[in-house]
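In the UniProt record's numbering, the protein residues as written are 1 to 911.
Below is one structure, written out as C-alpha cells; the observations come after it.
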C-alpha cells in the first residue's frame with residue numbers, strides 16, 4: 001500500500017468510517033491510482049527509452065531526462081577505428097587542438113561542435129572517421145603560472161588537461177580519444193626532436209645572431225605578443241630593449257616557392273589562400289652565400305645576401321648592408337671594423353670584402369646610407385646591370401662592374417660575361433644558377449623579400465629541448481637518434497629572472513660530446529611551441545608508435561586532412577609552419593602527400609557586449625550598468641557607457657560559462673544555436689534574447705510534436721492504409737515526397753560543400769513546416785509522411801543527437817509502419833544518411849509550360865518532356881490545347897518566343 005493510500009485510510013478512521021466502507025473506499029482509491037498511472041498524467045514526466053511510454057510535451061524536464069538518458073549512449077556510439085579495413089573510404093576531420101588553460105570558452109564550444117557534427121555526419125555516410133583531440137601543452141602560460149603560484153608547469157598542465165577533458169565529455173563530443181596526444185610528454189616530443197635532427201641533417205636548421213625583445217628587469221627574451229603598444233614588457237612593465245642573441249632558425253624560405261605554387265592546387269579556403277600567398281610573397285629572387293674577408297684574410301664568417309635577379313649574379317659589384325645589421329652590433333669579429341669605417345648619412349665603402357661561393361668573385365661590402373631596404377631585407381647584392389640604384393652606388397664609390405645582360409633584336413635578353421652560363425636566356429640562366437647553388441648548399445632557393453626564416457629558440461624551460469650538444473672541439477653536434485628523447489630535467493624553482501631555468505641543473509647541462517667524448521654542454525634553448533603543433537596532424541594517424549613518428553602506410557591512408565577547422569588567427573603562421581613540415585616530410589619520403597589539409601574551415605569569433613567608461617576605458621560588469629534608459633549608464637557614477645561587441649574575455653567581463661549554458665538550455669539547444677546563428681566563418685554576436693535561441697527551442701518542440709502526432713495516429717484503432725487516401729491527398733503526399741528529396745539534396749550539399757549548417761537547419765525547418773501542415777489522413781495513411789519524418793529525424797541527428805535519438809526510438813516503437821527500408825532496430829546515429837530517391841532524379845515525363853500572351857500570364861499547358869525545348873512542337877501543342885482554343889483561336893499571332901532557360905512561351909498577338 002503506497003503512502004497516499006495509507007494517508008486516506010488514516011483520514012477515514014479518524015472520521016469513524018466502518019471497516020467495510022473503509023475497504024471499499026480504499027480499493028476504489030487504489031484502482032484510481034493504478035488507472036491514473038497508466039494514463040501518464042502531464043505532471044509525471046517520462047520518456048519512452050526509460051518507461052516505454054511517450055511523453056507528449058517536450059518541456060524543460062523532458063529535455064533534461066532525454067539528455068541524461070542519451071548522453072552516455074551518444075558518446076559510446078562513435079565507433080572505434082580499424083585501419084585494417086582500408087576498403088572503407090576515410091574522412092579525417094581535425095579541429096585545432098587547444099592549449100590546456102583549464103577552462104573551455106565559447107570559442108572552443110563552437111569549433112568542436114562543428115567538428116563533432118561533421119564527424120557524425122560522415123560516419124552516417126559510411127565513412128571511417130578520424131576526429132582526434134590532443135593538447136598543445138608546452139608554452140609560456142604554464143611556466144608563468146608556475147612562477148606565480150609556485151607550481152611545476154607539468155603539474156599545472158596535467159591538472160588543466162584533466163579538467164578540460166571532463167568539460168569536453170560534458171558537451172558530449174565524439175572525439176577519437178584513443179588517438180589523444182599531449183605535446184609536453186616525452187613520447188610526443190621525442191619525435192619533434194627526431195624531426196629537428198632530420199632538418200639539421202638537411203641543412204635546414206642553423207644558428208645565427210638575431211635581434212630579440214629583451215626585458216632588462218626579468219632578464220628574459222619576450223615574444224612579440226608580450227610587448228605592449230608602448231614597447232614595454234607585459235609583466236614587469238620595463239621598457240623592452242633590442243638585443244642580439246644567438247638563435248636557432250628553421251630555413252622555411254627553402255620551401256617558399258614550392259609552397260607558394262602548391263596553393264593553386266588547393267580548393268578555395270575562404271580568403272586564407274590569399275593570406276598565405278601574401279605571407280610568402282612573390283618568389284622571384286634568392287639569396288647566395290658569401291665568405292667574408294678582411295685585408296685578404298678569411299674571417300670564417302658567412303653572410304647570405306638577397307638579389308631580385310639571380311641570373312645576373314656575375315654582374316655583382318658590391319654587398320649592401322644596413323647600418324642596423326648584426327655585423328655592426330652583434331658579436332661579430334668584424335664589428336669594430338664596420339663601426340670604424342661607417343660614415344652616418346652616406347654609403348660607406350669598407351675594407352671588408354665578400355667572396356661569392358657560387359661564382360668565386362670577390363666584391364666589397366658597403367654600409368648603406370639607408371635605414372631600411374624593402375620589407376625584411378638587411379643584406380642585398382648590388383647588381384648595376386639590373387638596378388639603376390645599384391649602378392649609382394657603384395659609380396659614386398668608384399666600384400667597377402661588368403654588364404651581364406644583353407638585349408637581343410627580338411626583344412629577348414641573354415646573359416653575357418657569366419662564365420659557363422654565358423649565352424643563356426635570362427630564364428634559363430636563372431634556373432641553371434639557382435639549381436647549381438642549391439646543389440652546392442650555398443643558397444639558390446627562390447623566395448620573396450618578405451619572408452624570413454623561422455626563429456624557433458625560446459629561452460624558457462617549458463618547451464621541447466633542442467637536441468644539440470656544444471663541444472669546444474667538435475662544434476655543434478646533434479644528439480644521436482638512439483639517445484632521444486632529450487628529456488627535460490626536473491626544475492623545482494621558477495623565478496622568471498636571470499638565466500634559463502635549465503642553467504640551474506648542471507648535471508643535465510654538462511654532458512659528454514657524442515663524437516669525441518670530451519666535456520660538452522647541452523643546448524639550453526627550447527623550441528617554440530609552434531614546432532610541436534606543426535606536425536601533430538601526422539602523429540594522430542599513428543599516436544602510439546614507439547619506433548618512428550608515424551607509420552607511412554597509416555599516414556598515407558588518413559592524409560590529407562579532409563577538413564581542418566580552427567580560428568582565423570592561426571590561418572597564417574601556424575598554417576604556414578604546418579604546410580612546411582608536410583612538404584619536408586614528403587621530401588624525406590615519409591609521406592605520399594605534400595599538402596596536409598584539403599579543405600579549411602575558418603570559424604569566426606563569438607562576441608558579447610562589453611561596457612566601458614568613456615573617461616577611463618575601464619571595463620564594467622553588466623550588473624554595474626543601468627540599462628533601463630535610452631542609453632546605458634554606470635549605476636555608481638551616472639556616466640554614459642560605451643557599448644561594443646568584442647571577443648569574449650574574462651578581463652572584459654563579457655565571457656559566458658559553457659557549463660552554465662548547458663544547464664540552462666541543454667546540449668542540443670546550444671549546439672543548434674551555435675550552428676544556426678551564423679555561417680561558420682562569420683562572427684556570432686551572442687544574445688540569447690534574439691530569434692536564434694528561442695527559434696531553435698521552438699523548433700525542437702515542433703519536431704517532438706510531429707513524432708507525437710504520428711505515434712498517436714498509429715496507436716488509434718484505424719489501421720494505416722495508403723489506398724484510403726483521396727486523389728487530392730495522394731497529390732499532397734507526392735508534394736511531401738518531393739520536398740523530402742529536395743531537402744536531402746540541399747542539406748547534403750550544405751554539409752559537404754560549404755558547411756553552411758545554418759542553411760541546412762533552415763531547410764530542415766522548412767521540411768518540418770510542410771509536415772506540420774499535413775492533414776490527419778496523411779499522418780495516418782501516408783508512407784511519404786512517415787518516411788519524410790524519419791528522414792528529418794536522421795538529418796537532425798548529427799547536430800542534435802540526444803533529441804533525435806529519443807524521437808527515433810519513439811518512431812521505431814510504432815507498430816504497423818509503412819516504411820520498411822529504415823533500420824528501425826538500430827539507433828538513429830547508426831542509420832545511413834538519406835539518399836535522394838532515384839525516381840526524383842529522373843526528368844519528369846511532362847513539363848508545365850507557362851503561357852504568356854502579350855507578356856501577361858494566362859495559364860499553363862502540359863507538354864511532353866522531349867518536346868519542351870522544341871519551339872515548333874511547343875507552339876503547335878499550345879495552339880491545340882484548351883487554353884489555346886480559348887485565348888488564341890482566331891487571333892493574329894505576330895511572333896512567339898520560347899524561353900531557353902525556363903518552361904515559358906510568350907505569344908505576341910495583334911490586339
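C-beta atoms are modelled at their ideal positions from N, C-alpha and C, and glycine is treated no differently.
Helix, strand or coil: how does DSSP classify residue i here?
{"i": "residue 351", "result": "strand"}
{"i": "residue 345", "result": "coil"}
{"i": "residue 487", "result": "coil"}
{"i": "residue 681", "result": "coil"}
{"i": "residue 636", "result": "coil"}
{"i": "residue 356", "result": "strand"}
{"i": "residue 158", "result": "helix"}
{"i": "residue 240", "result": "coil"}
{"i": "residue 82", "result": "coil"}
{"i": "residue 812", "result": "helix"}
{"i": "residue 264", "result": "helix"}
{"i": "residue 374", "result": "coil"}
Between residue i and residue j, which are expected to be in contact by the criterion C-beta below 8 Å, what is the C-beta distance as a whole number of angstroms?
{"i": "residue 565", "j": "residue 115", "result": "5 Å"}
{"i": "residue 500", "j": "residue 459", "result": "5 Å"}
{"i": "residue 898", "j": "residue 859", "result": "About 16 Å; that fails the 8 Å criterion."}
{"i": "residue 836", "j": "residue 745", "result": "5 Å"}
{"i": "residue 667", "j": "residue 454", "result": "Not a contact, Cβ separation roughly 41 Å."}
{"i": "residue 537", "j": "residue 452", "result": "In fact, because the Cβ distance is near 24 Å, the residues do not count as touching under 8 Å."}
{"i": "residue 350", "j": "residue 341", "result": "5 Å"}
Roughly how many whole angstroms lie between the Cα atoms of residue i and residue j?
{"i": "residue 211", "j": "residue 389", "result": "28 Å"}
{"i": "residue 765", "j": "residue 91", "result": "28 Å"}
{"i": "residue 706", "j": "residue 606", "result": "33 Å"}
{"i": "residue 799", "j": "residue 751", "result": "11 Å"}
{"i": "residue 819", "j": "residue 740", "result": "14 Å"}
{"i": "residue 612", "j": "residue 696", "result": "32 Å"}
{"i": "residue 661", "j": "residue 719", "result": "44 Å"}
{"i": "residue 894", "j": "residue 866", "result": "26 Å"}
{"i": "residue 69", "j": "residue 801", "result": "12 Å"}
{"i": "residue 141", "j": "residue 103", "result": "13 Å"}
{"i": "residue 157", "j": "residue 137", "result": "7 Å"}
{"i": "residue 534", "j": "residue 528", "result": "10 Å"}
{"i": "residue 805", "j": "residue 178", "result": "25 Å"}
Select from the options the residue whose C-alpha is nearest the C-alpha of residue i.
{"i": "residue 133", "options": "155, 145, 168, 147", "result": "168"}
{"i": "residue 283", "options": "265, 291, 258, 832", "result": "258"}
{"i": "residue 617", "options": "667, 146, 634", "result": "634"}
{"i": "residue 469", "options": "57, 720, 583, 197", "result": "197"}
{"i": "residue 444", "options": "433, 450, 118", "result": "433"}
{"i": "residue 337", "options": "372, 294, 306", "result": "294"}
{"i": "residue 52", "options": "831, 809, 910, 885", "result": "809"}
{"i": "residue 130", "options": "88, 356, 149", "result": "88"}
{"i": "residue 329", "options": "394, 287, 402, 242", "result": "242"}
{"i": "residue 411", "options": "421, 425, 49, 420", "result": "425"}
{"i": "residue 217", "options": "598, 671, 890, 234", "result": "234"}
{"i": "residue 623", "options": "63, 254, 653, 603", "result": "653"}
{"i": "residue 370", "options": "393, 356, 204", "result": "393"}
{"i": "residue 686", "options": "518, 608, 429, 890", "result": "608"}
{"i": "residue 589", "options": "710, 555, 568", "result": "555"}
{"i": "residue 681", "options": "236, 815, 271", "result": "271"}
{"i": "residue 811", "options": "789, 332, 738", "result": "789"}
Return the chain-ordered list of same chain residues with a C-beta closer than 8 Å to the C-beta of residue i, the five sequence neighbours on each side being excluded.
{"i": "residue 275", "result": "571, 572"}
{"i": "residue 777", "result": "724, 725, 726, 729"}
{"i": "residue 262", "result": "579, 583, 594, 595"}
{"i": "residue 692", "result": "673, 676, 677"}
{"i": "residue 487", "result": "186, 465"}
For residue i, which residues in the same chain have their Cβ closer than 7 Å to its Cβ, ignoring the five residues on either side in sequence?
{"i": "residue 879", "result": "888"}
{"i": "residue 404", "result": "312, 314, 315, 385, 415, 416, 417, 418"}
{"i": "residue 574", "result": "530, 533"}
In chain order, what residues of the same chain have a beta carbon less than 6 Å from the beta carbon of residue i, not counting five sequence neighbours either side?
{"i": "residue 399", "result": "317, 318"}
{"i": "residue 523", "result": "466, 468"}
{"i": "residue 904", "result": "850"}
Using a Cβ-based criterion (distance less than 7 Å to any ligand heavy atom), does residue i qualify as near the ligand PLP?
{"i": "residue 176", "result": "This structure lacks the ligand PLP; in fact it carries no ligand of any kind."}
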